[in-house]
Amino acid sequence: MELLEVEKKLDFVLMRKRLTLQEAMKRPFKVKRKLRVMLSSTFKPGLAAGAVGPDGQRLPGDTAPGWELKVEGQLLDKFFFPDPS
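This is the structure in structure tokens:
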């Protein structure tokens, strides 16, 4: 009789652990890390029709001005920032 009770308790514990693991696998583990963000912008002025380049040759006319914004990110490793506590 005692063996049956121990078996029931063991089954209960195993089932609870299995459910806990299944729940943990559904939700991703959250890890806080530092993200370094680098921004750069570039402007290229447009050229008027018949403009002359630095080498004296005519450039194709009516090029539109351009603007570019570059956003880059990098995850930093944990050892760069020791835990303050």
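Taking my numbering, the leading residue of the sequence shown gets 8, the next gets one more, and so forth. A virtual CB, placed ideally from N, CA and C, is assigned to each residue, including glycine.
Would you be able to state if there are at least three C-beta pairs under 8 Å between the region 41-51 and the region 66-84?
yes
CA-CA distance, GLN81 and PHE19?
The sequence position of residue 81 within the sequence shown is 74, counting from 1. The sequence position of residue 19 within the sequence shown is 12, counting from 1. Rounded to the nearest angstrom, the two C-alpha atoms are 45 Å apart.
Per DSSP, the bridge partner or partners of ARG43
Taking the sequence shown and counting its residues from 1, the one referred to as residue 43 is at position 36. Answer by DSSP bridge pairing, in chain order: GLN81.
Which of helix, strand or coil does DSSP assign to LYS37?
Locating residue 37 in the sequence shown gives position 30, counting from the first residue. Correct three-state label for LYS37: coil.
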